[in-house]
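Peer 1:
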Amino acid sequence: MAGKTLYDKLWDAHLVRQNDDGSALIYIDRHLLHEVTSPQAFEGLRIADRQPWRLANNLATPDHNVPTTVKERALGIEGIADPVSKTQVQTLDANCEEFGILEFKMGDERQGIVHVVGPEQGATLPGMTVVCGDSHTSTHGAFGALAHGIGTSEVEHVLATQCLVAKKMKSMLIRIDGTLSAGVTAKDLVLYVIGQIGTAGGTGYAVEFAGEAIRGLSMEGRMTICNMAIEAGARAGMVAVDETTINYVKGRPFAPTAEQWDAAVAEWRTLHSDADAEFDRVVVLNAADIEPQVTWGTSPEMVVDVNGKAPNPAQEQDGIKRMAIERALRYMGLEADQRIQDITLDRVFIGSCTNSRIEDLREAAAVVKGKKVAASLKQAMVVPGSGLVKAQAEAEGLDKIFVEAGLEWREPGCSMCLAMNADKLGAGEHCASTSNRNFEGRQGFGGRTHLVSPAMAAAAAIAGHFVDVREWMN
Amino acid sequence: MKAFTIHSGIVAPLDRANVDTDMIIPKQFLKSIKRTGFGKNLFDELRYLDEGQPDQDCSTRPLNKEFVLNQPRYAGASVLLARENFGCGSSREHAPWALDDYGFRAVLAPSFADIFFNNCFKNGLLPIVLAADDIDELFRAVESTPGYQLTVDLEKKVVRKPDGVELAFDVDQFRRHCLLNGLDEIGLSLQHAEAITSYEEKRKQQAPWLFV
Ligand code: SF4
Chain Z
1 MAGKTLYDKL
11 WDAHLVRQND
21 DGSALIYIDR
31 HLLHEVTSPQ
41 AFEGLRIADR
51 QPWRLANNLA
61 TPDHNVPTTV
71 KERALGIEGI
81 ADPVSKTQVQ
91 TLDANCEEFG
101 ILEFKMGDER
111 QGIVHVVGPE
121 QGATLPGMTV
131 VCGDSHTSTH
141 GAFGALAHGI
151 GTSEVEHVLA
161 TQCLVAKKMK
171 SMLIRIDGTL
181 SAGVTAKDLV
191 LYVIGQIGTA
201 GGTGYAVEFA
211 GEAIRGLSME
221 GRMTICNMAI
231 EAGARAGMVA
241 VDETTINYVK
251 GRPFAPTAEQ
261 WDAAVAEWRT
271 LHSDADAEFD
281 RVVVLNAADI
291 EPQVTWGTSP
301 EMVVDVNGKA
311 PNPAQEQDGI
321 KRMAIERALR
331 YMGLEADQRI
341 QDITLDRVFI
351 GSCTNSRIED
361 LREAAAVVKG
371 KKVAASLKQA
381 MVVPGSGLVK
391 AQAEAEGLDK
401 IFVEAGLEWR
411 EPGCSMCLAM
421 NADKLGAGEH
431 CASTSNRNFE
441 GRQGFGGRTH
451 LVSPAMAAAA
461 AIAGHFVDVR
471 EWMN
Chain H
1001 MKAFTIHSGI
1011 VAPLDRANVD
1021 TDMIIPKQFL
1031 KSIKRTGFGK
1041 NLFDELRYLD
1051 EGQPDQDCST
1061 RPLNKEFVLN
1071 QPRYAGASVL
1081 LARENFGCGS
1091 SREHAPWALD
1101 DYGFRAVLAP
1111 SFADIFFNNC
1121 FKNGLLPIVL
1131 AADDIDELFR
1141 AVESTPGYQL
1151 TVDLEKKVVR
1161 KPDGVELAFD
1171 VDQFRRHCLL
1181 NGLDEIGLSL
1191 QHAEAITSYE
1201 EKRKQQAPWL
1211 FV
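Residue numbers (our numbering), protein chains in the order written: chain Z, 1 to 474; chain H, 1001 to 1212.
Listed below in structure tokens is the structure:
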């Protein structure tokens, strides 16, 4: 019999009950909550007169709606100008209070984007099942955890039962052989993967990322990769546990200590696919082929090398694809065959659960240090992923580097990643963004998003257009 | 949850692939703390020419006349015909809520994004996967036949065309059972409370650090 995949191991360890119809009841170790997808779930509990099954497994923080300017944040919840946003954050506070759920509120240094906060606190641990009413929950798979997004009905289900009704997914291995070249980051890697397999390439699969290039990544890098597994259609992305994982987790507030730490580490070391494990699909790519990536269109799979150009629809045989390319070019205000480096930028956004961790900010700061943001830009902003990332960056003096270069240094939250607060693109504006989605209107009505790595966004901020950041590194 | 057994209705064709959840319901409408009222903002950016705001009176907004749902022939449509990878993007359940609130009961497509597909079932909305060829043919039929209707029969697991031809579809047994009977999934899971508790006890022995 073939060995087990990492996914098999995680699934088996959490199986509460196998139903006859192929579905199963799966136990959830960590449930993260934020203000957007939880209010209706709490409401459901109240209506049915149900209580949370196990309080300690839940952790909440507001992130999507919080303002990110220092001035607004100083006012606390009163600083949220939009009354509807304010109600949502207040509702989360009230619900957490009513049901007794731990929440890092606005004003708490531990507040931040839920997918930055979980790992940073050690609330995400190897071997866990982690869910959240947010598709980028796949991020937490970087720890050798089974992590995926759920809808609001499932948020309610997890609150009430600590379980989910799930069906086992198929398994996919994405192996990246070799090492990334200098100036090529985890973000480029994952954009490249999506470009190769498409935004639906991972649909129905739990994806394990493996290979030398993945092993060589920091936890931040692995989180970036798993974060965007969902952009390839895969609900869950994961990476096997190794020393990098264990060293990252050690000493975090929610991490086990003393004998429990040793016992945990011993178990965590088994969290990898067996050598003879079989996957339903295997994709092998070569790290050496990967160059800094920039999306040109309105789907993350519409991506090219920074030295490349937008496609020419006339060369596409498939009619539906041709229409999609034409529509994307029109929306993005690009010509067929237009060079990526000739796109003039209006704004730059460095942040989001994909790229707002300390390492991301260090990479961006290294590029802008001693330089000035292009005068043609309307705005360039850096939004740390959590209050603790912000404090760390300030302790390292990164905030000063950004401010001196002309970038805004903001308070933690989702910010311009999805423009639910005041940080948005205007219609027609081009933005180099380190976030994960370039859908139409994602960063503001009519806004044009180009997904890139933090280093590439930083270089673009200085140049006012895309440049190959590798040329700046010598 | 409202039950779904059999439904007949006008079909509206949305002829584009990869329709994402931002397109189905833009984020500014996610700020609501309610489950209802999203229908007027379904496909907001495609449907109206201006930028929509929450709590706004949509009846006076400029309509995009080109958009399929604004064409009189598709008024009252309750079956949505769509293309590949429908519902990709975020996990927002507001997407099925908006479709449902608008009046859609079923979505037909060659493929769906996972989370969206899942969310539909929890809200009495039936997502149906049909072969790409069948979908193509339905697009042609809908476009050439004003008032084109389909019947979705979950009991028999078929989509019935006006000429009586039936297209069979697959649906997970458990989901079908819940939908047919309008069952509450939480209540069903809580019937296994003992299994959950005994799992916790066993797991606590193996991984005590998860239970502090
Ligand atoms: S940063 Fe963006 S993608 Fe991440 S949770 Fe917030 S809104 Fe979602």
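Backbone N, C-alpha and C define an ideal beta-carbon position, used for all residues, glycine too.
Everything numeric in this text was worked out from a predicted model, so none of it was measured.
1) Give the DSSP-derived three-state secondary structure of L1138 of chain H in the structure shown.
2) Just the C-alpha distance for V306 of chain Z and V467 of chain Z, rounded to the nearest angstrom, thanks.
3) Which partner residues of W409 of chain Z appear in the DSSP bridge assignment?
4) Report the neighbours of V383 of chain Z on chain H: residues whose CB is nearer than 8 Å to its CB, in chain order.
5) Among all the DSSP beta bridges, which residues are the ones paired with F349 of chain Z?
6) Can you list, in chain order, the residues of its chain with a C-beta nearer than 6 Å to that of Q293 of chain Z? Leave out the 5 residues immediately preceding and following it.
7) So is P1062 of chain H buried or exposed if we call it buried at 16+ other beta carbons inside 10 Å?
8) With DSSP run on the structure shown, which of helix, strand or coil describes D318 of chain Z?
9) Per DSSP, what kind of secondary structure is F209 of chain Z in: helix, strand or coil?
10) Answer with yes or no whether the minimum CB distance from P1026 of chain H to chain Z is below 8 Å.
11) May I ask you to check if the CB of I358 of chain Z is nearer than 7 Å to at least one heavy atom of ligand 1?
12) Since D1153 of chain H and I1006 of chain H are thought to touch, with beta carbons under 8 Å apart, how far apart are those beta carbons, to the nearest angstrom?
13) Cα-Cα, which of Z:T245, Z:R322 and Z:T295 is closest to K309 of chain Z?
14) Determine, using beta carbons only, whether A1012 of chain H and L1080 of chain H come nearer to each other than 8 Å.
15) What's the call for Q1206 of chain H, buried or exposed, on a 16-neighbour Cβ count within 10 Å?
16) Going by C-alpha to C-alpha distance, which of H:D1134, H:C1120 and H:N1181 sits closest to H1094 of chain H?
17) In three-state DSSP terms, what is P1127 of chain H?
18) I'd like to check one pair, L1099 of chain H with L1125 of chain H: are the Cβ atoms closer than 8 Å?
19) Show which residues of chain Z have a CB atom less than 8 Å away from the CB atom of Q1191 of chain H.
20) Specify whether the stretch 234-252 of chain Z and the stretch 362-369 of chain Z touch according to this definition: at least 3 beta carbon pairs, one from each stretch, less than 8 Å apart.
21) Of all the CB atoms in chain Z, is at least one closer than 8 Å to the CB of L1081 of chain H?
22) How big is the Cα-Cα spacing for V383 of chain Z and A375 of chain Z?
23) How many Å lie between A41 of chain Z and A1195 of chain H at the Cα?
24) Please tell me whether N438 of chain Z and N227 of chain Z are closer than 8 Å, where the distance is taken between their beta carbons.
25) Report the residues of the stretch 428-460 of chain Z with a CB closer than 7 Å to any CB of chain H, ordered along the chain.
26) With distances taken Cα to Cα, identify the nearest neighbour of A2 of chain Z among Z:P62, Z:A275 and Z:Q18.
27) Which residue's Cα is closest to the Cα of T344 of chain Z: Z:G413, Z:A432, Z:I214 and Z:I320?
28) Could you tell me the distance, in whole angstroms, from the CA atom of W409 of chain Z to the CA atom of T69 of chain Z?
29) Pull the bridge partners of L285 of chain Z from the DSSP assignment, please.
30) Is any heavy atom of ligand 1 found at a distance shorter than 7 Å from the C-beta of S476 of chain Z?
31) Would you mind sorting Q88 of chain Z into buried or exposed? The rule is 16 or more other CB atoms within 10 Å of its CB.
32) Would you check if the distance between the CB atom of Q501 of chain Z and the CB atom of I28 of chain Z is smaller than 8 Å?
33) In the DSSP assignment, the alpha helix (DSSP H) including K1034 of chain H goes from what residue to what residue?
34) Beta-carbon separation of A142 of chain Z and G127 of chain Z under 8 Å?
35) Output yes if chain H places a C-beta closer than 8 Å to the C-beta of G204 of chain Z; else output no.
36) Helix, strand or coil: which one does DSSP assign to Q18 of chain Z?
Peer 2: Straight from the coordinates:
1) helix
2) 7 Å
3) Z:V382
4) Near V383 of chain Z there are no residues of chain H at all, since even the closest Cβ is about 16 Å away, more than 8 Å.
5) Z:M381 and Z:S433
6) D188, L191, Y192 and V303
7) exposed
8) coil
9) strand
10) yes
11) no
12) 5 Å
13) Z:T295
14) yes
15) exposed
16) H:C1120
17) strand
18) yes
19) Those within 8 Å of Q1191 of chain H in chain Z number zero; the least Cβ separation is about 10 Å.
20) no
21) no
22) 21 Å
23) 23 Å
24) no
25) R437, F439, E440, G441, R442 and F445
26) Z:A275
27) Z:A432
28) 8 Å
29) Z:I176
30) Since the first residue of chain Z shown is 1 and the last is 474, residue 476 of chain Z is not available in this structure.
31) buried
32) With chain Z represented from 1 up to 474, any question about residue 501 of chain Z goes unanswered, as that position is not in the structure.
33) From DSSP, K1034 of chain H is part of no alpha helix (DSSP H); its letter is neither H nor E.
34) no
35) yes
36) strand
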